[in-house]
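If you're matching them up, the sequences are chains Z and Y in order.
Going left to right, the first sequence walks through residues 10 to 229 as the working numbering numbers them.
Going left to right, the second sequence walks through residues 10 to 229 as the working numbering numbers them.
Number of protein chains: 2
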Amino acid sequence: MAKKLVPPQATIRRLSIYLRYINGLDGDGVKVISSHDLARRLALNPAQVRKDLAYFGEFGKRGVGYSVKKLREHLVKILGLQTMRKVAIVGAGGRLGTALALYTGFEKRNFKVCALFDKDPTVIGNDVEGIGKIMSIDTLPGMVKEKGIEILVLTIPASAIKEIYDLVMLSGVKAVLNFAPFKMLSTESVAVHNVDLTTELESLSYHLSLSESGFPILEE
Amino acid sequence: MAKKLVPPQATIRRLSIYLRYINGLDGDGVKVISSHDLARRLALNPAQVRKDLAYFGEFGKRGVGYSVKKLREHLVKILGLQTMRKVAIVGAGGRLGTALALYTGFEKRNFKVCALFDKDPTVIGNDVEGIGKIMSIDTLPGMVKEKGIEILVLTIPASAIKEIYDLVMLSGVKAVLNFAPFKMLSTESVAVHNVDLTTELESLSYHLSLSESGFPILEE
DNA sequence: AAAACTTTGTGATATAATGCTCATGTAATA
DNA sequence: TATTACATGAGCATTATATCACAAAGTTTT
Numbered sequence: 010m011a012k013k014l015v016p017p018q019a020t021i022r023r024l025s026i027y028l029r030y031i032n033g034l035d036g037d038g039v040k041v042i043s044s045h046d047l048a049r050r051l052a053l054n055p056a057q058v059r060k061d062l063a064y065f066g067e068f069g070k071r072g073v074g075y076s077v078k079k080l081r082e083h084l085v086k087i088l089g090l091q092t093m094r095k096v097a098i099v100g101a102g103g104r105l106g107t108a109l110a111l112y113t114g115f116e117k118r119n120f121k122v123c124a125l126f127d128k129d130p131t132v133i134g135n136d137v138e139g140i141g142k143i144m145s146i147d148t149l150p151g152m153v154k155e156k157g158i159e160i161l162v163l164t165i166p167a168s169a170i171k172e173i174y175d176l177v178m179l180s181g182v183k184a185v186l187n188f189a190p191f192k193m194l195s196t197e198s199v200a201v202h203n204v205d206l207t208t209e210l211e212s213l214s215y216h217l218s219l220s221e222s223g224f225p226i227l228e229e
Numbered sequence: 010m011a012k013k014l015v016p017p018q019a020t021i022r023r024l025s026i027y028l029r030y031i032n033g034l035d036g037d038g039v040k041v042i043s044s045h046d047l048a049r050r051l052a053l054n055p056a057q058v059r060k061d062l063a064y065f066g067e068f069g070k071r072g073v074g075y076s077v078k079k080l081r082e083h084l085v086k087i088l089g090l091q092t093m094r095k096v097a098i099v100g101a102g103g104r105l106g107t108a109l110a111l112y113t114g115f116e117k118r119n120f121k122v123c124a125l126f127d128k129d130p131t132v133i134g135n136d137v138e139g140i141g142k143i144m145s146i147d148t149l150p151g152m153v154k155e156k157g158i159e160i161l162v163l164t165i166p167a168s169a170i171k172e173i174y175d176l177v178m179l180s181g182v183k184a185v186l187n188f189a190p191f192k193m194l195s196t197e198s199v200a201v202h203n204v205d206l207t208t209e210l211e212s213l214s215y216h217l218s219l220s221e222s223g224f225p226i227l228e229e
């Protein structure tokens with residue numbers, strides 16, 4: 010019985026975690042896995058695992074569990090990972106941009122970095138092996154259309170945000186992973202996820218202060 | 010009237026955002042800011058801003074707003090940012106580790122990368138300018154104590170997790186920022202934040218699939 | 001084939017986060 | 001000094017998310 014409800018963002022993130030876990034099971038010859046097993050391994054609640062999956066259909070078999078093979082297929086389909094997703098990096102001249110451009114781990118997961126952009130004329134034209142030359146940010150909209158880029162990874166400094174915000178949002182991409190220290194908002198046509206490293210460090214600092222003052226930590 | 014409640018993690022993250030925003034106000038000669046101003050600028054709800062701040066005391070003045078100077082002082086104090094926090098990077102030989110080691114933006118925010126570790130003998134001993142040589146992971150517990158390292162940034166590959174998990178958790182640090190594709194859990198003595206880049210990309214991919222099938226995006 | 005297990009899927013319940021509303025305090029103005 | 005306007009802090013309402021608990025469905029054992 011298909012219950013039509015919008016799954017929370019947290020559920021989507023967990024699906025990705027489930028997929029990684031069962032991918033890691035590959036050689037082990039495990040044919041079936043229960044919500045209990047998954048939950049124990051991933052430090053979650055079994056009911057939550059079941060509910061997460063139930064948003065998308067009835068994948069399990071009562072008294073048995075979930076077929077690993079089928080579950081993997083479903084997760085790949087739900088997350089839209091059957092086809093390679095084309096990614097571009099904006100701010101590719103910076104440290105973080107370069108690191109992500111050269112990181113090979115994404116390809117295994119079906120994400121392909123296929124274009125690099127920057128604003129700085131001193132890095133435009135630099136060749137990154139395996140990907141190509143860093144291009145001017147001005148060419149972004151054209152390249153998005155030409156290459157079929159779907160996701161933009163933003164690794165620009167705070168100072169460049171004003172200049173680049175609209176350019177990115179109107180470039181035609183449908184998704185943005187933003188590392189810049191500024192919260193970008195999702196719109197009808199562009200999904201944005203923000204990763205804010207400073208905020209992560211500062212909230213850890215808060216916990217340090219807490220434990221200095223004698224409080225326990227306990228969360229997440 | 011001080012209400013004794015534990016502030017949610019989301020509140021702590023927002024405090025960091027508030028601080029960044031009012032730091033950016035520096036030259037503008039703004040003396041006072043209202044919850045409304047803050048909320049509008051940061052795409053939040055004014056009541057939420059007030060509630061976030063009210064967890065920690067009564068900083069505002071009715072009819073006026075919050076003194077920027079005082080608010081900054083309070084936020085710095087709450088987040089424990091008066092003193093420099095010493096950070097070490099584990100997995101400093103990899104792309105991401107190197108990028109973070111060389112990233113200078115953290116110092117402005119009072120975080121100092123002061124040690125680098127790796128498991129790989131081929132990178133141990135490499136000198137990173139301004140920080141020092143990459144050290145063997147085996148020396149981690151000793152160095153944590155010796156240098157007073159409080160935060161560990163983990164940028165190790167999936168394959169190294171098993172080997173390094175306990176070493177990190179027992180090293181004596183009080184906080185971990187984990188980029189490895191594995192969810193580490195906070196304990197009584199160690200606060201952990203996980204940043205999972207693959208999960209971020211995959212959940213964006215989910216939204217791409219959705220919009221391909223005609224659904225709108227709308228979230229965050 | 002019945003009984004005893006196992007595990008899913010889901011309604012009901014608990015917990016948490018967010019947003020609304022307003023009494024109260026403050027400042028500016030007449 | 002009274003009036004008006006404004007903004008906080010807090011209680012309450014609403015929404016979102018997570019957990020519990022159990023009936024229904026499948027498997028294994030006797």
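Don't be surprised by glycine CBs; every beta carbon is placed ideally from N, CA and C.
No experiment lies behind these values; they were computed from the predicted model shown.
(Q) Across the region 35-44 of chain Z and the region 13-26 of chain Z, are there enough close Cβ pairs to call them in contact, namely three or more that are closer than 8 Å? (A) no
Q) Per DSSP, what kind of secondary structure is residue 165(Z) in: helix, strand or coil? A) coil
**Q.** Same chain, Cβ closer than 7 Å to residue 156(Z), neighbours up to 5 away in sequence not counted
**A.** 95, 123 and 124
(Q) Just to check my reading of the structure: residue 48(Z) and residue 54(Z) have Cβ atoms closer than 8 Å, yes? What is that Cβ distance to the nearest angstrom? (A) 6 Å
(Q) Just to confirm my understanding: we take residue 135(Z), look at its own chain, exclude 5 residues before and 5 after, and list those with CB closer than 8 Å. What are they? (A) 102, 142 and 143
Q. Using a C-beta to C-beta distance shorter than 8 Å, which residues of chain Z count as neighbours of residue 179(Y)?
A. By Cβ distance, chain Z contributes nothing, its closest Cβ being about 15 Å from residue 179(Y), past 8 Å.
Q) To the nearest angstrom, how far is it from the Cα of residue 131(Y) to the Cα of residue 177(Y)? A) 21 Å
**Q.** 7 Å Cβ shell around residue 84(Z) - same chain, five flanking residues per side excluded
**A.** 24, 27 and 28
Q. Along the region 162-188 of chain Z, what residues have a CB closer than 7 Å to any CB found in chain Y?
A. 183, 184 and 186
Q | DSSP state of residue 71(Y) mapped onto helix, strand, coil | A | coil
**Q.** According to DSSP, residues forming a beta bridge with residue 94(Z)
**A.** 120(Z)
Q.
Along the chain, where does the beta strand (DSSP E) containing residue 141(Z) start, and where does it finish?
A. 141-145
Q.
For a contact defined as C-beta to C-beta under 8 Å, what are the partners of residue 131(Z) on chain Y?
A. Those within 8 Å of residue 131(Z) in chain Y number zero; the least Cβ separation is about 17 Å.
Q) If you compare alpha carbons, which of 196(Y), 186(Y), 190(Y) and 214(Y) is closest to residue 202(Y)? A) 186(Y)
Q) If you count every other CB in all the chains shown that lies within 10 Å of the CB of residue 117(Z), and 16 or more means buried, which is it? A) exposed
Q: List the residues of chain Z whose Cβ lies closer than 9 Å to the Cβ of residue 51(Y), in chain order.
A: 192
Q.
At the level of alpha carbons, what is the spacing between residue 82(Y) and residue 137(Z)?
A. 44 Å
Q) If the cut is a Cβ gap below 7 Å, which residues of chain Z does residue 209(Y) touch? A) 186, 202 and 204
Q) From the beta carbon of residue 112(Y), is the nearest beta carbon of chain Z less than 8 Å away? A) yes
Q | Against chain Y: residues of the region 17-50 of chain Z by CB proximity under 7 Å | A | 18, 21, 22, 25, 26 and 29
Q: Assign residue 188(Y) to one of three DSSP states: helix, strand, or coil.
A: coil
Q | Beta-bridge pairing of residue 76(Z) - partner residues as DSSP gives them | A | 41(Z)
**Q.** Cβ shell of residue 77(Y) (< 7 Å), same chain only, five flanking positions each side left out
**A.** 31, 34, 39, 40, 41 and 42
(Q) Quick check: residue 153(Z) and residue 199(Z), are their CB atoms within less than 8 Å of each other? (A) no
Q: Drop a sphere of 10 angstroms on the beta-carbon of residue 190(Z), count the other beta-carbons inside from all chains shown, and report buried for 16 or more, exposed for fewer.
A: buried
Q. Quick one: is residue 106(Y) buried, meaning 16 or more other Cβ sit within 10 Å of its Cβ, or exposed?
A. buried
Q: Determine, using beta carbons only, whether residue 90(Z) comes closer than 8 Å to chain Y.
A: yes
Q: Report the residue from 14(Z), 214(Z) and 108(Z) whose alpha carbon sits nearest the alpha carbon of residue 115(Y).
A: 214(Z)
Q.
For the alpha helix (DSSP H) containing residue 58(Y), name the first residue and the last one.
A. 55-63
Q: Use the C-beta contact count for residue 159(Y): other C-beta atoms within 10 angstroms, 16 or more gives buried, fewer gives exposed.
A: buried
Q) Who are residue 126(Z)'s beta bridge partners in DSSP? A) 99(Z) and 144(Z)
Q. Residues bridged to residue 160(Y) by DSSP?
A. 96(Y) and 184(Y)
Q. When DSSP builds the beta bridges, which residues end up paired with residue 200(Z)?
A. 184(Z)
**Q.** For residue 46(Z), the three-state DSSP class (helix, strand or coil)
**A.** helix
(Q) Short of 7 Å Cβ to Cβ, which residues in the region 94-107 of chain Y face chain Z? (A) 94, 104, 105 and 107
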